[in-house]
Structures are given as structure tokens and as C-alpha cells.
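Top to bottom, those sequences are chains A and B.
Under this note's numbering, the first residue of the first sequence carries the number 13, and numbering increases by one thereafter.
Under this note's numbering, the first residue of the second sequence carries the number 429, and numbering increases by one thereafter.
Built from N, CA and C at the ideal position, the CB exists for glycine as well.
Everything numeric in this text was worked out from a predicted model, so none of it was measured.
Below is one structure, written out as C-alpha cells; the observations come after it.
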Amino acid sequence: MALTYDLASAPDFSAFLKSDEAGGFRLDLLVTGASCAACISKIEGEIAALNGVSAARLNLSTGKLIVHLQQEADPGFILETLDRIGYPATPYDPNQAQLARDREGRRLAMALGVAAFGAGNAMMFSVPLWAGLFGQELGPATRTMMQWLSGLIGAPCAVYAGLPFFESAWRSLKGGRANMDVPISIGVILTLAISFVETFLNGRDAYFDAAVSLLFLLLIGRWMDHQLRARARGAAADLLALQAPIVHVLVEGREHSRPLSEVVVGDLILVRPGERIPVDGEIVEGRSDLDNALLTGETRPIEVRPGTVCRSGAMNLTGLLTLQALARSEDSAVAAIARLVEAGSQARSRYVQLADKAAAIYVPVVHTAAAATFILGWILGLGPREALVRAVAVLIITCPCALGLAVPAVQITASGRLFRKGVLVKSGAALERMAEVTHVVFDKTGVLTEGRPVLMGATASDIARAAPLARTSAHPLAKALAEAAGPGLLADGVVEHGGQGVEGTIDGRWARLGRASFLGVTTTGEETELWFGYEDESPIRFGFIDLVRSDAAAVVAALTARGISCEVLSGDLPGPVARAAAEAGISHWRAGLTPSGKAEAVEALAASGAKVLMVGDGLNDTAALAKAHAAMAPGTALDASQNAADLVFSGNGLTAVITSIDVARAARHRALENFGFAALYNAVAGPAAMLGLVNPFVAALAMSGSSLIVTLNALRMSRAGGRA
Amino acid sequence: MNIFLMLAPASVLLAALGLWAFSWTLRDGQYEDPKGDAARILAPDVEDRPL
């Protein structure tokens, strides 16, 4: 079949339209290339001027364009216009999870605002109280009035600002565990209660301002943590939307573009060369070659024809294919592997984060100390009231402020640093696991190697003879051959046989370029190859290899220097794997592995005590990515792999692996330093509170001081840490 | 004492005004697109109000 890339009908994007509040429709687009004020006016001006468009609004920070339409229409013309003015766009589906995250972020910001208001104003009334502590004149009546004012402003703010903590503590208690929010909640609630009692009894010690400022400082940490995750998820979601799973479905001969999730069994799907097979399906028309590299790791394309069942995730290389869907996207091969990933990441969620480890020590120690202060104080004759005040002072002065702030502050600076270097960190826990890595497992195709074929060992005259035909084909091998030959003549009367090769006339002689069987030769080689021949000559063979990335050897050497061992696990044939491993300087390799084989190999490594970092891009890696202690995937990887990975890196090189490990280790170091500081501080402040040496002024000073120190220590990350 | 009774509510009121303003900016979506809002004031022909 000859090439028929362009059907007469343009794709129909109506499925991406959503009805809006005003009775019209809205379309969400992800625009690339917009970066300045002129872009805004150009995009919004051009789109709003289109017929049927009521409004267009571009968000420059996220690159998202919302277009409002008066009535339901095929939005293809909007995409065309954007393309024409130089800002190619992709429709995307803003999902519910993202909206929920936005709401959560807004709620945290509001809680932060309220806590800031409460802390500032409660503090205003506390200053005269503190002055009173230093022997200045402040009558008991005035003091009580100040305390009441401080409490009336501080307490409601503390309750509102504390809600995120109370809720999280309640959830964790219901689950039978105690996270860091439990002592925070107990501390805040007890402090507020005892302060009201003290004020009511005309006592001296009211800690309203301390309770609110404690929440204020903790909320800063909480908000930073949320920002980190929201930014990483947003960026990850954009990456995936750009390699968008838009499916071209044929309905009554016309092509419609649909989101992947709307494909049903029996749909006829059009897959052009260069596109991925969206769902499992049977080919009803067309012949082509499929690149299964991301599915199996094998670099050699396989030939498909009508009747062949192909699995989702494979890349269509040469011919236009019409596919009948055999499964919905949830049931396709990609999704089956995604479920493997889910199962694997449950194992990973058992990882206990540093902060929780610290909480596990902190909670019993501090609460025992507070209880002991109360009981011993009472027994030793302090009276129940004074004993209780001291116990609460212990709770508030040993507040987990430093702990609550220490880790998020470190993680947000570390991930910000990595973000600028093109590495996306999905969560703080990922950074912590990354720091512990002792063994790195590389996938071969697309990770250790470039993932594209390069012509090897052919003579210049052979290349020149085959080049006119090679230039006419979109097949990656032919393209590599054409690239080696440079620009030049094209063959005439070219016909491309999908899955076979191309034929045409060069200088009046009929010639063929394609797989061995297309030229009537038999081959045994396990190499990737292409054959060329004139009709009356014996064919010439061209061999291709997948080049190892130029920085692979340097990265492996740098990893070894850091005491980290390396290994290659591949689904490809032994020959290419051995060569790639040798070139990268890795002595351990295994070839021909199935996806579950890779996962088992990673599990075996973990069982032997290694903390494995898996670096992979293919579907065949996803199970292993999920099973590994930490996982990285390049931005070119399939969405399933990116979902399974903790870190996604863009750019052309493996240096990101080194950078990430270095920054993660530096972050861990800083976090431990902060914990050390917090422990030291508590070791001094705790006993002081027990002995009754702490008053509200000392509490306020010590708390904010310690929080400031851990935050500043965390910010040192942005300068120190990553040498790479 | 009189001056205190005047100034204390005044300062709380001012702070409350600030808090209200913050909550308004938050509800109004003024932190949704900081880059775009900065650029919009430079472009004469586009809508320069936040979302």
C-alpha cells in the first residue's frame, strides 16, 4: 500500500469540549512557546477574534489556555490558528484530583494568613505581659485584661489555623498510628485550654501567642510541602498531556479525535506512522513495522499485517494502520502493567519517612516527660495547678516546630535545585529514598543508549547508492541511512510497502530497500539491519546499532566513585546488551528479561540488602521501577513509566542520575543536621520547662529562634549540596 | 489607659482589614498566574484583570 498519511478529513476534537457556567462550552488547551506579554496579546487577540469564540484567557505561569465557545463546534480551527501563529497546542482534560489539590492549597494559604494575623495580634498584647515578667509595673487586673484580649484573638485563630493538623491527627489516630500531627494537636489544644484556665484564675502563664505562632511556623512548613508536591505533579501532568493520548477514531469514514478514556471495544482507530498504538487491537487494514522498544526493550522492529493483534504502547513506524479496538484503555496492555506498578508502589509506601521516624521517637519521649512533670510536680508539692502549667510548658517548648519545618524546608530547596537542572521530584519521600541508594540498575534501550539506530560499518559508496531510496522513507533505519548520506537525489516512482520496505527507480534502474525477506535474502543476524539492491544485483547489507549515550561511561565511573554499583537489565538480545554494557563500563548485565523478570531481579537485589535505584523508560521497566527502592525515568518515557518513577528527568544525558543522588544525599545530610539541632534544643529546653524556668516570653523566643535556625540551615542547600 | 483602649482595637481592626484583603486576593485567584499578571500590565490590548 502506498503512503496515505493525509486523509481528506481533519480530526475532530469535539470530545474535549466541556459545558461552562454561562451556557456555552469551554476548551482547555496546553500551549507551548508562550513566554511574554506580546504572546498573551497575540494568542488571546487572535483566538478571541475567531468566529464562535466568546473569550480566551491564557495563564502564562502554567501555559494553559481556556477558550470559551458560544456553541458546540469542532475546535479544530482553534488549534489550527494557534499552530499558524506559532504556539502549537494540545487539548487536555483538567482532572478532579488537580482541582482538589488547588482547593487544598488555597485552604492552607488561608490558614497561614489567619495564623499570621492571630500570631501578630496576640503577640501585641503579649509584649506588655512579657514586660511585666521583667519586674515592670503591670497590675494583676491589667495583666488579666491583656491575657483575655490575647486569648480572644489568638484562640479562634489557633482553632481555624489548627484544623489541617487536627484533621490529619484524627485520621492517623483512626488508622491506629500516631503521626507528627498528633503531638502538635494535643500540644495546641492543651495549651489553649490551660491558658484559658490560667487567665480565668488570674494566673501568670498564658500561652495564647505561643500556640498561634507555633501553628504559623508549622503551616509554613506544611504549605511549602504542598507547593512542592503541587508543582511537581503539575509539571508531570503537563509532560504527559503533551505526549497526549488523543486517539483518532473513524466514525462513518470521518476521523474524530477523542480522549483515550472514551475509546470503546470495536472502535476503528487510525494510527499514523510515528504514533503509538493507543489500545490493544487487531489490524484490519495496512501493513507496517512496530517498534516494541518501550514494551519489551527489543530494538528490532517487528512486521505487522491485517489480522495481527498488537499491544498498546508500541510505536507505528512505517505504514498507516487501521485498528479495531479489542480492549478499552483500562484493560489494555499498558493498563495491565500500570496495575503491576500499583501493586509495587504499595510496597514502597511502607517506607517510613525521616520525619515520621523522628516522630516515633519524639512522641513517647515528650509525652512521658510532660506526664512525669505533672505527676512528680504534684507529688513534690507544687500543687496540681502549677504542676499542670509546667507540664504544658514542656509540651509547648519542646514543640515539634523544628521537626515540622526542618524536613519540608530542606526538601523544597533540594527539589527546587533539581528542578532548575531539569529533574522533577515527585515527592519528598522520593528524595529521602534516593539518598540511600547503593545499587543502580539501568535499562538499556533509551536509557543507557540513545534509543535510535545509527549506521555502522558501511562504505561511503554503498551508502551513496542506497541513499536516494532511503531519503524517501519515514522508517527510522532508512532515516539513519539518509542521515549518514546527507542531502541529495531522491528516487522516482517510490512505493512504500508498510512493514516491508520501499521500492523505486534510481537513474532508471529499479531498486528495493527494506528487510531481508523483501529482497529475497535470508538472514540469521540478531543485529538490526537493512538490505538494499538493484533488481539484477546481489543485495548489500547495512547494519545499525543503538549508540551508547556519550556520558554513560562517565556517569557509571562517577557512581562507582560514590560507592554505588551498577547493572544492566534489558529485554533485548544478549549481543547488543553485552556491547552496550561493555561500552558504559558495566560488568554485570542480563538480557532477554521479561517485565516480571526485571521486577524479580530487582526484588532479588533488594532481598540481598541493596537499595536499588532503577532507571528505565519502557513499559517493560515499569514493574521494576515500582518495585525498586527509588526510580527515575526520562521525560521521553511512556506515561506508565513516568507514573511509576519518583523522579523524571528531561534533557539528553544520564548526568541527572548523579545530580539527583548528590542533591538527595546533601538534603538528607541537612535534614539530619536539623534533627540533631532539634534534639539538642529539646534536651536543653525540656528540662528547663520541667524546672519551671520557662515563662511565655522564653517560650516564644526559643520557639521562633529554633525554627529560624532550621530554616536557614535548610536554605544553605541552594548553595551547597550538589557539586555535579 | 485611654490611649490603649483606642489604639488596641484600631490596630486589631487594621490587621483584620489586611487579613480580609488577603482572603479576597486568594478567593479572587490572584496567585493563579503571577507571571501572566506581571506581563499583562505591559500589553495595552488585553484584559488586565486577574482571572
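Requested in this report: Please go through the same chain and pick out, in chain order, the residues whose beta-carbon is closer than 6 Å to the beta-carbon of residue 320 of chain A, but skip the five residues on each side of it.
Outcome: Take residue 320 of chain A, set aside five residues on each side of it, and the residues of its chain with a beta-carbon closer than 6 Å to its own are 295, in chain order.
Requested in this report: Establish whether the CB of residue 473 of chain B and some CB of chain A are separated by less than 8 Å.
Outcome: Yes, residue 473 of chain B counts as interfacial toward chain A.
Report task. Quick one: give me the first and last residue of the beta strand (DSSP E) that residue 504 of chain A is part of. Result -> 504-509 is the span of the beta strand (DSSP E), which, as asked, contains residue 504 of chain A.
Query raised in the report: Relative to chain A, which residues along the stretch 452-465 of chain B have a C-beta separation below 7 Å, given in chain order?
Result: Per Cβ criterion, the list reads 454, 460, 461, 462, 463 and 464.
Query raised in the report: From what residue to what residue does the beta strand (DSSP E) around residue 581 of chain A run?
Result: Annotation for residue 581 of chain A: the continuous beta strand (DSSP E) segment containing it runs 577-581.
Query raised in the report: In chain B, which residues lie less than 9 Å from residue 58 of chain A when you measure between Cβ atoms?
Result: Per Cβ cutoff of 9 Å: no residues; residue 58 of chain A is ~12 Å from chain B at best.
Requested in this report: Would you please verify whether the beta carbon of residue 118 of chain A is less than 8 Å from any beta carbon of chain B?
Outcome: Under the Cβ criterion of 8 Å, residue 118 of chain A is counted among the residues facing chain B.
Query raised in the report: Looking only at its own chain, which residues have a Cβ that is under 6 Å from the Cβ of residue 679 of chain A, when we skip the five neighbours before and after it?
Result: Around residue 679 of chain A: 422, 426 and 443.
**Report entry** Within-8 Å CB hit, residue 438 of chain B to chain A
**Finding:** Answer no: the Cβ-Cβ gap between residue 438 of chain B and chain A never drops below 8 Å.
Query raised in the report: Buried or exposed: which applies to residue 444 of chain B, given that a residue is buried once 16 or more other Cβ atoms fall within 10 Å of its Cβ?
Result: With fewer than 16 other Cβ atoms within 10 Å, it is exposed.
Query - Alpha-carbon to alpha-carbon, residue 289 of chain A and residue 322 of chain A - result: Rounded to the nearest angstrom, the two C-alpha atoms are 8 Å apart.
Query raised in the report: Can you give the Cα-Cα distance for residue 68 of chain A and residue 206 of chain A, rounded to whole angstroms?
Result: Roughly 55 Å separates the two Cα atoms.
Query raised in the report: Does DSSP put residue 468 of chain B in a helix, a strand or coil?
Result: In the three-state DSSP reduction, residue 468 of chain B falls in the helix class (H, G or I).
Query raised in the report: Does the Cβ of residue 438 of chain A have 16 or more other Cβ atoms within 10 Å, making it buried, or fewer, making it exposed?
Result: With at least 16 other beta carbons inside 10 angstroms of its own, residue 438 of chain A counts as buried.
Report task. Identify the contact partners of residue 470 of chain B in chain A, using a Cβ-Cβ distance below 7 Å as the criterion. Result -> Within chain A, the C-beta atoms nearer than 7 Å to that of residue 470 of chain B come from 49, in chain order.
Query raised in the report: Is there contact here, the stretch 579-590 of chain A with the stretch 478-486 of chain A, by at least three beta-carbon pairs under 8 Å?
Result: A contact between stretches requires three or more CB pairs, one per stretch, nearer than 8 Å, and the stretch 579-590 of chain A fails this requirement with the stretch 478-486 of chain A.
Report task. Check whether the stretch 615-630 of chain A touches the stretch 392-411 of chain A, counting contact only when three or more Cβ pairs, one atom from each stretch, lie closer than 8 Å. Result -> No: the two stretches stay apart, fewer than three of their Cβ pairs being nearer than 8 Å.
Query raised in the report: Is it buried or exposed for residue 56 of chain A, if we count other Cβ within 10 angstroms and need 16 for buried?
Result: That one is buried.
Query raised in the report: Taking DSSP as the reference, what is the three-state secondary structure of residue 30 of chain A?
Result: Strand, per DSSP.
Query raised in the report: Who are the Cβ neighbours of residue 194 of chain A in its own chain at under 6 Å, not counting the five residues just before and after it?
Result: Same-chain partners within the cutoff: 181.
Query raised in the report: In whole angstroms, what is the alpha-carbon distance linking residue 416 of chain A and residue 327 of chain A?
Result: Linking residue 416 of chain A to residue 327 of chain A through their CA atoms gives a straight-line distance of about 47 Å.
Query raised in the report: Just to confirm, does residue 135 of chain A get its C-beta within under 7 Å of one of the non-hydrogen atoms of the ligand GTP?
Result: The ligand GTP is absent from the structure shown, which contains no ligand whatsoever.
Query raised in the report: Alpha carbon to alpha carbon, what distance is there between residue 506 of chain A and residue 542 of chain A?
Result: Distance between the alpha carbons of residue 542 of chain A and residue 506 of chain A: 17 Å.
Requested in this report: Measure the alpha-carbon distance for residue 471 of chain A versus residue 519 of chain A and round it to whole angstroms.
Outcome: In a straight line, the C-alpha of residue 471 of chain A is about 20 Å away from that of residue 519 of chain A.
Query - Run of the alpha helix (DSSP H) containing residue 11 of chain A, from where it starts to where it stops - result: Residue 11 of chain A falls outside the range modelled here, since chain A spans only 13 to 736, and no answer is possible.
Report task. Figure out for me which residue from A:407, A:486, A:719 and A:278 has the closest Cα to the Cα of residue 291 of chain A. Result -> Taking only the C-alpha atoms, the option nearest residue 291 of chain A is A:278.
Query raised in the report: What does residue 269 of chain A reach in chain B if we use C-beta pairs closer than 9 Å?
Result: Within 9 Å Cβ-Cβ: nothing; residue 269 of chain A doesn't reach chain B, min ~27 Å.
Query raised in the report: Using the beta-carbon count (16 or more within 10 Å), is residue 102 of chain A buried or exposed?
Result: Buried.
Query raised in the report: Is the beta carbon of residue 203 of chain A less than 8 Å from the beta carbon of residue 156 of chain A?
Result: With respect to residue 156 of chain A, residue 203 of chain A sits apart: the two C-beta atoms are not nearer than 8 Å.
Report task. Could you check if residue 437 of chain B is buried or exposed, using at least 16 other CB atoms within 10 Å of its CB as the buried criterion? Result -> Counting other Cβ atoms within 10 Å of its Cβ, residue 437 of chain B stays below 16 and is therefore classed as exposed.
Query raised in the report: Nearest-angstrom Cα distance between residue 428 of chain A and residue 674 of chain A?
Result: Taking the straight line joining both Cα atoms gives about 14 Å.
Requested in this report: Report yes if the C-beta distance between residue 418 of chain A and residue 365 of chain A is below 8 Å; otherwise report no.
Outcome: No; because the gap between Cβ atoms is not below 8 Å, this pair is not in contact.
Query - Under 7 Å from the C-beta of residue 125 of chain A: neighbouring residues of chain B - result: The answer, in chain order, is 447, 450 and 451.
Query raised in the report: What residue range is occupied by the uninterrupted beta strand (DSSP E) comprising residue 533 of chain A?
Result: No beta strand (DSSP E) holds residue 533 of chain A; DSSP gives it neither H nor E.
Query raised in the report: Which residues in chain B sit within 7 Å of residue 121 of chain A, going by Cβ to Cβ distance?
Result: Under the 7 Å cutoff, chain B gives 454.
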